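Participant:
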Amino acid sequence: MKYEELLSIFEKAENCDETVFYFKSDPKETEHYIGFLPEYEKPYWVGLCDIKDGCEFKTAKEMLEAPIYDGKSIKERWNEIIVCAINGCSVEDWLIYNKI
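Residue numbers 53 to 152, in the numbering used here, belong to the letters of the sequence shown in order.
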């Protein structure tokens, strides 16, 4: 998966709540979470980042470009990221079912 694909998935905001990833440098594949909940003013959310109790954003781009992982963003650290699941499905299955 490319960064632009993940950005597109979140910009479309369809079936992308609770996306799980880790950084290759994380000890024992520490999981990080991002997601989308449309009922909130700031619908894009992040868990397990530099900000205690996570944080929320108005746009997908803002979320993915926030420097909240050791002072860098998901976009900046993209080459280090392994996306494990999107909306409870493996990335491969999610891409098949959502025809991306």
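Just so you know, even glycine gets a beta-carbon here, dropped at the ideal spot from N, CA and C.
Note that the coordinates shown come from a computational prediction; the quantities given were computed from them, not determined experimentally.
In this structure, how does DSSP classify A65 when only helix, strand and coil are distinguished?
Facilitator: Against the sequence shown, residue 65 aligns to sequence position 13. Coil at A65, not helix or strand.
Participant: Bridge partners for A112 per DSSP, in chain order?
Facilitator: Within the sequence shown, the letter at position 60 stands for residue 112. Beta-bridge pairing links A112 to no other residue.
Participant: Going by the DSSP bridge assignment, what does C107 pair with across the sheet?
Facilitator: Residue mapping note: residue 107 aligns to position 55 of the sequence shown, counting from 1. Note: C107 sits in a beta bridge opposite V98.
Participant: Roughly how many whole angstroms lie between the Cα atoms of K94 and H84?
Facilitator: Here residue 94 is taken as the residue at index 42 of the sequence shown, counted from 1. Here residue 84 is taken as the residue at index 32 of the sequence shown, counted from 1. The alpha-carbon of K94 is positioned some 19 Å away from that of H84.
Participant: Quick one: Cα of I103 to Cα of I120, how far?
Facilitator: To locate residue 103, count along the sequence shown from 1; it is residue 51. To locate residue 120, count along the sequence shown from 1; it is residue 68. Straight-line Cα distance between these residues: approximately 7 Å.
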